[in-house]
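Report on the structure given below.
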Amino acid sequence: MTKLDQATGDGDHGVNMARGFSEVVKKISDADYQAPGEVFKDAAMTLMSKIGGASGPLYGTAFLRLSTICKDDNPVDLPVFAKALQAATEGIKQRGKAEAGEKTMIDVWEPVSNYFQEATSLDAGKLVETAENAMEATKDLTATKGRAAYFKERSKGAVDPGAASSYYIFSALAEVLKG
Ligand code: ADP
Ligand code: MG
Ligand code: MG
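One gets my numbering by counting positions in the sequence shown from 1 and adding 30 to each.
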């Protein structure tokens, strides 16, 4: 992700993500949780405070929305998680003042959210495939938001770093769902 961010940004996305998520792991491994929503909330707070770049508040907003919709449900069922992902995607859009097609993490969150809206049962393979295709499709897009927008047409040809990190997050989710 750092390599990708060197192509179309300032080269820190991999470092930002590694720092933010290792702080999340630290935070949540010391705590005792009753429900996934509580984990999402702590993750959100940690990501917002520990990641300096644009991705911190964006991922922070996404996880905060997940937490708000999942509340204290345990387990979180499929329709609730679908609603949570939709809210998270909307949250990223509002926070970043961006829409799909602008070569950002939204271009992975939106198709994955759409997959969940339509799914009647969960297929981890389909989830990964959806996220991977969405990430790959950002190659052909021209960035109009974030630092990559300074690269204009030159941002074409490389995957968006935030789309790549989002793909990793959803792959991890798929691994967990496989059990
Ligand atoms: P920075 O650009 O501040 O160095 P990062 O490198 O950590 O922050 O994150 C860059 C990623 O954040 C981009 O690849 C893109 O996916 C996402 N991003 C940047 N700006 C926006 C925005 N306005 N809306 C949605 N996502 C964005
Ligand atoms: Mg960067
Ligand atoms: Mg930066």
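The beta-carbon is built from N, C-alpha and C at its ideal position, and this holds for glycine as well.
Counting only the same chain and skipping the five closest in sequence on each side, list residues whose C-beta sits under 7 angstroms from that of Glu140.
For the purposes of this step, residue 140 is identified with residue 110 of the sequence shown, where counting begins at 1. Result list for Glu140: Thr119, Ala130, in chain order.
Buried or exposed for Gly176, going by 16 or more other Cβ atoms inside 10 Å?
For the purposes of this step, residue 176 is taken as residue 146 along the sequence shown, with counting starting at 1. Burial call: buried.
Gly86: beta carbon under 7 angstroms from a heavy atom of ligand 2?
Walking along the sequence shown from the start, residue 86 turns up at place 56. Checking every heavy atom of ligand 2 against the Cβ of Gly86, none is found closer than 7 angstroms.
Note down, one range per segment and in chain order, each alpha helix (DSSP H) of at least 4 residues found wholly within the region 111 to 154.
136 to 148
With respect to the alpha helix (DSSP H) encompassing Asn104, which residues constitute its N-terminal and C-terminal limits?
The residue labelled residue 104 in the question sits at position 74 within the sequence shown. Looking at the DSSP string, Asn104 is not in any alpha helix (DSSP H), and its letter there is neither H nor E.
Quick check on DSSP: helix, strand or coil for Ala61?
Translated into the one-based positions of the sequence shown, residue 61 becomes position 31. DSSP places Ala61 in coil when its eight states are reduced to three.
Sub-8 angstroms separation of Leu171 and Ala204 beta-carbons:
If you number the sequence shown from 1, residue 171 lands on position 141. If you number the sequence shown from 1, residue 204 lands on position 174. Contact: no.
Touch test, the region 147 to 157 against the region 86 to 104, Cβ-Cβ under 8 angstroms, three pairs minimum:
no
Close Cβ partners of Pro66 (< 6 angstroms) along its chain, the five nearest in sequence each way excluded:
Counting from 1 along the sequence shown, the entry for residue 66 is found at position 36. Answer for Pro66: Cys100, Val106, listed in chain order.
Expected contact under 8 angstroms - CB spacing of Ser185 and Ala194 to nearest Å:
Along the sequence shown, read from residue 1 onward, the residue named residue 185 stands at position 155. Along the sequence shown, read from residue 1 onward, the residue named residue 194 stands at position 164. Not really, about 14 angstroms apart at Cβ, beyond 8 angstroms.
Below 8 angstroms, how does it come out for the region 40 to 47 and the region 72 to 87: are there three or more Cβ pairs, yes or no?
yes
Terminal residues of the alpha helix (DSSP H) in which Gly192 lies
Counting from 1 along the sequence shown, the entry for residue 192 is found at position 162. From DSSP, the alpha helix (DSSP H) with Gly192 extends over 191 to 208.
Proximity winner among Thr98, Lys182, Glu148, Thr134, relative to Ala164 (alpha-carbon distances):
The count along the sequence shown starts at 1 and reaches residue 164 at position 134. Of Thr98, Lys182, Glu148, Thr134, the residue nearest in Cα terms is Thr134.
May I have the straight-line CA-CA distance separating Tyr89 from Lys123, to the nearest angstrom?
Here residue 89 corresponds to residue number 59 of the sequence shown, with the count starting at 1. Here residue 123 corresponds to residue number 93 of the sequence shown, with the count starting at 1. If you take the alpha carbons of Tyr89 and Lys123, they lie about 11 angstroms apart.
Pairwise C-alpha distance: Ile58 and Met78:
As a working mapping, residue 78 is identified with position 48 in the sequence shown. As a working mapping, residue 58 is identified with position 28 in the sequence shown. Answer to the nearest angstrom: the Cα atoms are 15 angstroms apart.
In terms of residue numbering, what span does the alpha helix (DSSP H) encompassing Ala73 cover?
On the sequence shown, position 43 is the one that residue 73 refers to. Start and end: 66 to 80.
CB-CB length for Phe93 against Ala117, believed under 8 angstroms
Along the sequence shown, read from residue 1 onward, the residue named residue 93 stands at position 63. Along the sequence shown, read from residue 1 onward, the residue named residue 117 stands at position 87. About 11 angstroms separates the two Cβ atoms, so there is no contact after all.
Assumed close pair Thr16, Asp190 - CB separation to whole angstroms, cut-off 8 angstroms
Within the shown structure, residues of the chain are numbered from 31 to 209, placing residue 16 beyond reach of any answer.
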